[in-house]
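**Student:** Pasting a structure below so you can have a look.
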Ligand SMILES: Cc1cc2nc3c(=O)[nH]c(=O)nc-3n(C[C@H](O)[C@H](O)[C@H](O)COP(=O)(O)OP(=O)(O)OC[C@H]3O[C@@H](n4cnc5c(N)ncnc54)[C@H](O)[C@@H]3O)c2cc1C
Ligand SMILES: Nc1ncnc2c1ncn2[C@@H]1O[C@H](COP(=O)(O)O)[C@@H](O)[C@H]1O
């Protein structure tokens, strides 16, 4: 089985979010970038397929040269090779178009992406990609098994879960649950050494338009002070929730 | 020309988000001087939509579409949009809507702006305000395609009743075998329990509760408030509560009217996922807990004393205000 894992390169979850150039650009100053958490689960699941079922694992990112450390990290975790499509990821559709080209040319059976990137929270790349290459698609995937050409997946739905069966080629939008948190693979020394020798191919992008454009940003209005209520006077809390906030 | 909404239902009944979409899209239709159409699958009582400004409902009745199926449903909405010549299509932020929207965007060659929180800033160019960086910021997005697809955040707009008579039309989309390439084998859904996605109120517990055996009071508090239960990430990692209750940046987003956090410290990753909630209450015995900076109301105290008292007082309050 040939597996492609889509990796988006995002600010670490503790990052303070700031903007520059008149609030038109995300300020990357001092921001540490990591593999998108949802993609980490997918990558570890891909490694499981590699170890237990003999799959090959390629990781791909659409991004400029500054994303290479993130791809190297994925190689250190155990991916066999990496592809970077050398372009600024302007919107979800543009990225999906680039990934569709990589996916078609590589003839992958299984493409694992994340439910959403924690930067723009688009949640659109995997579904658009599946649609563009006419593959099956399972979103919010929390469990995935593949036997031959058949896949069984569990998907999280509002208020529960749903088990589905489908066929390869398949794209999944994965998240926590695909593997357990404690089983997440982290690079070890040997992996880091080996990653240096693995192939990282840089491809030039296909011509494709963007359909949306992030024009500016705004930070949420600062919050007022918290109103403290004494634990001995919970009636006051109920009163505030009822009469002031009007939520009960 | 028209504005189209995809109105979700469960067991034939429209979800509250269906009315919120209608209220929101009605305003867009007014601004653009056009009409508002809804497309619904296996729902009853389309008249309810008219109360929120829907002019026409395309009603699909189909045994094949009994279970949600993203590809088939995307096909239904796309065909409805084409039939109506819709320029703006609005869907919700439910798990199902987020599943079908990217597929729908490809079918309609539409730019897609999910997590939209307000009416368009302008319709030419078409510009919307959405959350980004998991609620740590807002982003203004311009959609440049002829057809625009908007994903509306839950609770971002509220309900607005409107006058008007809506019409209902049977709509029979043409579905293909390929639409059903994902076969639902089983659905495991707790019935009768409010889900985090639908809840007006969410009661959430953190590691401060010490162990799963102490969740009785969280469930009871939730029950009194008609709320859904949730938890912080470590709580689900430890297996005290199911993964499906994990909220935050890497878990489920919460956009309820009221969020009550018990024994949760308020780490940045937790707050990111719940900040879209309107009113936040924290109960924590450490006055230095970061959650107090993010909350509207706070009680510094031991959860094991505060929560049982709060339950009793709420029961009295409910009895008096019934
Ligand atoms: C990549 C990444 C992603 C993450 N994503 C998420 C996410 O999506 N969601 C999330 O929640 N976390 C997430 N986290 C974890 C986050 O950083 C915090 O570790 C976590 O939110 C802390 O959970 P907690 O508040 O339940 O526990 P703790 O931080 O241990 O806090 C427990 C709190 O309970 C209070 N307490 C103790 N006893 C009592 C008592 N008797 N009565 C009242 N209060 C009491 C304490 O004062 C303390 O404030 C993520 C972390 C990383 C690194
Ligand atoms: N620039 C990118 N390069 C590679 N994969 C990406 C990129 N952007 C998004 N993805 C994949 O698509 C998923 C969802 O991203 P998004 O639609 O941006 O929320 C991510 O978890 C990744 O797996």
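Residue numbers (the numbering used here), protein chains in the order written: chain A, 1 to 248; chain B, 1001 to 1322. C-beta atoms are modelled at their ideal positions from N, C-alpha and C, and glycine is treated no differently.
Which ranges would you report for the beta strand (DSSP E) in the stretch 81-114 of chain A if only whole runs of at least 3 residues count?
**Tutor:** Runs of the beta strand (DSSP E) inside the stretch 81-114 of chain A: 81-86 and 110-114.
**Student:** Would you say residue 1002 of chain B lies against chain A (beta-carbon separation less than 9 Å)?
**Tutor:** Not an interface residue.
**Student:** In chain A, which residues lie with their C-beta within 7 Å of the C-beta of residue 1183 of chain B?
**Tutor:** Within chain A, the residues near residue 1183 of chain B are 164, 165 and 166.
**Student:** Measure from the alpha carbon of residue 191 of chain A to the alpha carbon of each residue in A:78, A:48 and A:33, then state which is nearest.
**Tutor:** Of the listed residues, the one whose Cα sits closest to residue 191 of chain A is A:78.
**Student:** Quick check on this structure: which residue in A:137, A:189 and A:183 has the alpha carbon closest to the alpha carbon of residue 128 of chain A?
**Tutor:** When only C-alpha atoms are compared, the closest one is A:137.
**Student:** Let me check understanding here. Comparing Cα to Cα, which of B:1233, B:1245 and B:1172 lies closest to residue 181 of chain A?
**Tutor:** When each option's Cα is compared against that of residue 181 of chain A, the closest is B:1233.
**Student:** Would you give the residue range spanned by the alpha helix (DSSP H) that residue 1044 of chain B belongs to?
**Tutor:** That residue, residue 1044 of chain B, is in no alpha helix (DSSP H); it is neither H nor E in DSSP.
**Student:** Just the Cα atoms here: how many angstroms apart are residue 157 of chain A and residue 117 of chain A?
**Tutor:** If you take the alpha carbons of residue 157 of chain A and residue 117 of chain A, they lie about 19 Å apart.
**Student:** For the structure I just gave you, are there three or more beta carbon pairs, one from the stretch 1185-1198 of chain B and one from the stretch 1083-1090 of chain B, closer than 8 Å?
**Tutor:** Output reads no: the stretch 1083-1090 of chain B does not touch the stretch 1185-1198 of chain B.
**Student:** Can you grab the Cα-Cα spacing for the pair residue 195 of chain A / residue 71 of chain A, in whole Å?
**Tutor:** Residue 195 of chain A and residue 71 of chain A: Cα-Cα distance of roughly 9 Å.
**Student:** With the cut-off set at 9 Å, would you say residue 1043 of chain B and residue 1054 of chain B are in Cβ contact?
**Tutor:** Contact: no.
**Student:** Would you call the stretch 1131-1148 of chain B and the stretch 1226-1242 of chain B in contact, with 3 or more CB pairs under 8 Å?
**Tutor:** The stretch 1131-1148 of chain B, when compared against the stretch 1226-1242 of chain B, does not touch it at the 8 Å Cβ threshold.
**Student:** Would you mind giving the Cβ-Cβ distance between residue 1119 of chain B and residue 1019 of chain B, rounded to the nearest angstrom? I have them listed as a contact below 8 Å.
**Tutor:** About 16 Å separates the two Cβ atoms, so there is no contact after all.
**Student:** Is it the case that the Cβ atoms of residue 1131 of chain B and residue 37 of chain A are separated by a distance below 9 Å?
**Tutor:** No, they are not a contact pair.
**Student:** Is there at least one Cβ from chain A nearer than 9 Å to residue 1200 of chain B's Cβ?
**Tutor:** It does: the Cβ of residue 1200 of chain B has a partner Cβ on chain A nearer than 9 Å.
**Student:** At a CB-CB cut-off below 7 Å, which residues of chain A make contact with residue 1237 of chain B?
**Tutor:** Under the 7 Å cutoff, chain A gives 181.
**Student:** Measuring alpha carbon to alpha carbon, tell me which of B:1137, B:1027 and B:1181 ends up nearest residue 150 of chain A.
**Tutor:** Looking at the Cα atoms, B:1181 is the closest of the given residues.
**Student:** What does residue 1106 of chain B reach in chain A if we use C-beta pairs closer than 7 Å?
**Tutor:** Simply 128, 131 and 132.
**Student:** Distance, Cα to Cα, residue 20 of chain A vs residue 27 of chain A?
**Tutor:** Approximately 6 Å, taken between the alpha carbons.
**Student:** Checking 9 Å against the spacing of the C-beta atoms, do residue 92 of chain A and residue 1112 of chain B come in under that value?
**Tutor:** Cβ distance < 9 Å, so residue 92 of chain A and residue 1112 of chain B count as in contact.
**Student:** Might you give, ordered along the chain, the residues of its own chain that have their beta carbon closer than 6 Å to the beta carbon of residue 139 of chain A, omitting 5 neighbours on each side?
**Tutor:** Taken in chain order, the residues that qualify are 173.
**Student:** Taking only heavy atoms of ligand 1 into account, decide whether any of them is closer than 8 Å to the Cβ of residue 1265 of chain B.
**Tutor:** Yes - ligand 1 has a heavy atom lying nearer than 8 Å to the Cβ of residue 1265 of chain B.
**Student:** Could you tell me the distance, in whole angstroms, from the CA atom of residue 1237 of chain B to the CA atom of residue 1204 of chain B?
**Tutor:** Using only the alpha carbons, I get a separation of about 15 Å.
**Student:** Per DSSP, what are the beta-bridge partners of residue 56 of chain A in this structure?
**Tutor:** The partner list for residue 56 of chain A (beta bridge, DSSP) reads A:2.
**Student:** May I ask you to check if the CB of residue 1208 of chain B is nearer than 8 Å to at least one heavy atom of ligand 1?
**Tutor:** Result yes, Cβ under 8 Å from ligand 1.
**Student:** Based on DSSP bridge pairs, tell me the residues matched to residue 250 of chain A.
**Tutor:** Past the boundaries of the shown model lies residue 250 of chain A; chain A is included only from 1 to 248, so the question cannot be answered.
**Student:** Please give me, in chain order, every unbroken run of the beta strand (DSSP E) with length at least 3 that falls completely inside the stretch 1102-1131 of chain B.
**Tutor:** You should have 1111-1116.
**Student:** Could you pull out every unbroken beta strand (DSSP E) segment of at least 3 residues lying fully inside the stretch 1137-1171 of chain B, listed in chain order?
**Tutor:** If we require 3 residues or more, the beta strand (DSSP E) runs fully inside the stretch 1137-1171 of chain B come out as 1137-1143, 1148-1152 and 1167-1170.
**Student:** At 8 Å on the CB atoms, spell out the chain B contacts of residue 208 of chain A, in chain order.
**Tutor:** Under the 8 Å cutoff, chain B gives no residues; its nearest Cβ is about 12 Å from residue 208 of chain A.
**Student:** Can you tell me which of the three DSSP states residue 1208 of chain B falls into?
**Tutor:** The answer is helix: DSSP assigns residue 1208 of chain B an H, G or I state.
**Student:** Could you list the residues in the stretch 89-117 of chain A with a C-beta less than 9 Å from some C-beta on chain B, going in chain order?
**Tutor:** Residues 91, 92, 93, 96, 115 and 116.
**Student:** Is any heavy atom in ligand 2 found nearer than 8 Å to the beta carbon of residue 123 of chain A?
**Tutor:** True, at least one ligand heavy atom lies under 8 Å from that Cβ.
**Student:** Just to confirm, does residue 108 of chain A get its C-beta within under 8 Å of one of the non-hydrogen atoms of ligand 2?
**Tutor:** Residue 108 of chain A: no, Cβ never under 8 Å from ligand 2.
**Student:** Where does residue 1258 of chain B sit, in a helix, a strand or coil, going by DSSP?
**Tutor:** Three-state result, residue 1258 of chain B: strand.
**Student:** I need the DSSP call for residue 1099 of chain B, collapsed to helix, strand or coil.
**Tutor:** Correct three-state label for residue 1099 of chain B: helix.
**Student:** Would you please state the rounded distance, in angstroms, between the beta carbons of residue 1265 of chain B and residue 1230 of chain B? I believe it to be under 8 Å.
**Tutor:** Actually they are not in contact, since the Cβ atoms of residue 1265 of chain B and residue 1230 of chain B sit about 15 Å apart, beyond 8 Å.
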